[in-house]
Amino acid sequence: MQVLRPLQGMFTRADYPNLLVGLEVSDDAAVYQINDDVAIVQTIDFFTPIVDDPYTYGAIAAANAMSDVYAMGGEVVLALNIACFPANLPPAVITEILRGGAEKVREAGGVVAGGHTVDDPEPKYGLSVMGIVHPQHVATKAGARPGDVLLLTKPIGTGLITTAAKSDVADATHLQAAIDSMLQLNRIGARLASQFDLKAMTDITGFSLLGHAQEMAEHSGVCLRIHAEQVPLLPGARDYAENWLFPGGSRRNADHFGQWVKASPRISEELLMLFYTPETSGGLLIAVPQGKLAEVEAFLRKKGQRYWIVGEVEAGTGIEVD
Amino acid sequence: MKVVDARGLSCPQPVILTRNAMQTGEFPIEVLVDTVTSRENVRRMAEKSGLQVRVETVGDEFKLIITK
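What follows is the structure, given as structure tokens:
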């Protein structure tokens, strides 16, 4: 983020009034208002292979990229492939990666309309995604208010398990559960924003549960209290944490975000480190006003969307884990 | 002394190699790493297993001596 700082003053809300969300206060995606009824949501994300199967890799990368649109409350409209492939990668493998991504975009109700590929020894794939949202129904990291209840829509542990799998120490059933979770679209975010006017959402990815929660706390000017035992974990995640199989990103997140996190001494060091571990295509963290909780929960159950109540929003700053 | 050279490897590889060495039951174990992240992860894992860890800084790299 430090490298973006010189750019933050270049495109201000004052000079670009249609820019609802830009670099000034960074969020999951940029939002640009076109007229009274339509704003564009724009985002891009790509990464190196996270699983062995090319089709699954493409589908996860696409779900992960589109998640940023959903976290702003938008629906996916158009996607472009962005890819780097080594010259010696078999064309059939490339086709499978692109097919995995395209079918995931189609599942989201969007279309893949083009893209760009460059030569690179290390494969990378993802999407630039355009979505739309009603300008009055944009959800950001700044919308949480004291009294809100915190919901999480996917278990934690994708980063820990996929890293363990790369080192051949993950159980196949654990890896499959992580893959199933990463493949799941966060489309419920768009519906919650439009139907229930929920204003505070973010998706849990590289900065981890606690990192993204801290961003929401900071942008909203509130404290997020998270009850550690209520946070859902993927099967196996606790074992890998106890064996300290964390990727390097866990400690980097802990070193950076730790200054804002107060954890009860009852929380084990490895569980806290798991909450600092980068996720891929993680769930949405949603702040729901108390008065809307019953109808939101009823809606989620009706849609078959899994969710967990993991904490609440309080006056104050930073993160409390108890 | 048993030596684990985990330089140039990213986590959790240094932790896994150290754990494999610990399972042989031969101590002390000397672990070489070249990042602070690897140093801390190996140190925490060994300490959590009830072992003693001494850390030496060697230029830009680290040597961890793990004893029972």
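Those protein sequence lines, which keep their order, are chains A and B.
Just so you know, the first sequence maps onto residues -16 to 305 in our numbering.
Just so you know, the second sequence maps onto residues 33 to 100 in our numbering.
Glycine included, every Cβ here is placed at the ideal spot set by N, Cα and C.
{"query": "Nearest-angstrom beta carbon gap, A:Ala125 and A:Leu100 [assumed within contact, 8 Å]", "result": "The displayed chain sequence assigns Thr, not Leu, to residue 100 of chain A. Not a contact, Cβ separation roughly 36 Å."}
{"query": "Opening and closing residue of the alpha helix (DSSP H) in which A:Ile171 lies", "result": "171 to 179"}
{"query": "Per-residue burial, A:Asp10 [other beta carbons within 10 Å of its own, 16 or more giving buried]", "result": "buried"}
{"query": "Exposure label - A:Glu295; buried when at least 16 CB within 10 Å", "result": "buried"}
{"query": "Contact list for A:Ala147 against chain B, beta-carbon separation under 8 Å", "result": "Pro44"}
{"query": "Cutoff 8 Å: B:Asp69 Cβ touching any chain A Cβ", "result": "A small fix is needed here, since residue 69 of chain B is Thr in this sequence, not Asp. With 8 Å as the cut-off, B:Thr69 counts as an interface residue toward chain A."}
{"query": "Within-8 Å CB hit, B:Met77 to chain A", "result": "yes"}
{"query": "Residue environment, A:Asn71, which counts as buried when at least 16 other CB atoms sit within 10 Å", "result": "exposed"}
{"query": "Nearest candidate by alpha-carbon position, reference A:Ser111, set A:Lys149, A:His195, A:Phe30", "result": "A:Phe30"}
{"query": "The stretch 202 to 210 of chain A contacting the stretch 126 to 143 of chain A, beta-carbon criterion three pairs below 8 Å", "result": "yes"}
{"query": "Local conformation of A:Thr188 per DSSP, three classes", "result": "coil"}
{"query": "Residue burial classification, A:Met199 (beta-carbon count within 10 angstroms, cutoff 16)", "result": "buried"}
{"query": "Residues, ordered as in the chain, of the stretch 224 to 235 of chain A that lie near chain B by beta-carbon distance below 9 Å", "result": "Glu225, Asn226, Trp227, Leu228, Phe229, Pro230, Gly231, Gly232, Ser233, Arg234, Arg235"}
{"query": "DSSP state of A:Leu276 mapped onto helix, strand, coil", "result": "helix"}
{"query": "Bounding residues of the alpha helix (DSSP H) (the contiguous stretch that carries A:Asn236)", "result": "231 to 240"}
{"query": "Residue-level contact to chain A via CB, B:Glu58, 8 Å cutoff", "result": "no"}
{"query": "Same chain only: Cβ atoms within 6 Å of B:Glu93, ignoring 5 sequence neighbours per side", "result": "Asp66"}
{"query": "With 16 other Cβ atoms within 10 Å as the buried cut-off, status of A:Leu(-10)", "result": "exposed"}
{"query": "Spatial distance of A:Leu(-13) from A:Leu6 (CA atoms)", "result": "8 Å"}
{"query": "Short CB-CB distance (under 8 Å) between B:Asn73 and chain A", "result": "yes"}
{"query": "Between the CA atoms of A:Val8 and A:Arg(-4) - distance to the nearest angstrom", "result": "10 Å"}
{"query": "Among A:Ile17, A:Thr145, A:Gly219, the one whose alpha carbon lies nearest that of A:Pro0", "result": "A:Ile17"}
{"query": "Identity of the residues DSSP links to A:Ser111 by a beta bridge", "result": "A:Ile27, A:Leu63"}
{"query": "Neighbourhood of A:Ile250 by C-beta, 7 Å cutoff - its chain only, sequence neighbours within 5 removed", "result": "Ala211, Val304"}
{"query": "Unbroken alpha helix (DSSP H) run spanning A:Ala224, endpoints", "result": "220 to 225"}
{"query": "Under 7 Å from the C-beta of B:Val47: neighbouring residues of chain A", "result": "Trp227, Leu228"}
{"query": "Test: A:Val34 CB closer than 8 Å to a CB of chain B", "result": "no"}
{"query": "For A:Gly142, the first and last residue of its enclosing alpha helix (DSSP H)", "result": "141 to 149"}
{"query": "Distance between beta carbons of B:Glu58 and B:Lys80, contact taken as under 8 Å", "result": "B:Lys80 to B:Glu58, Cβ: 20 Å. No contact."}
{"query": "Proximal residues of chain B, C-beta to C-beta of A:Val152 below 7 Å", "result": "Ile48"}
{"query": "Assigned secondary structure, A:Phe(-6) (DSSP; H/G/I helix, E/B strand, else coil)", "result": "coil"}
{"query": "Paired residues, beta bridge with A:Ala127 - DSSP", "result": "Per DSSP, none; premise fails for A:Ala127."}
{"query": "Length of the line joining the Cα atoms of A:Lys285 and A:Gln25", "result": "30 Å"}
{"query": "The stretch 177 to 186 of chain A / the stretch 40 to 57 of chain A touching (three or more Cβ pairs under 8 Å)", "result": "yes"}
{"query": "Residue interval of the beta strand (DSSP E) (run including A:Glu212)", "result": "From DSSP, A:Glu212 is part of no beta strand (DSSP E); its letter is neither H nor E."}
{"query": "Simplified DSSP assignment, three categories, for A:Glu58", "result": "strand"}
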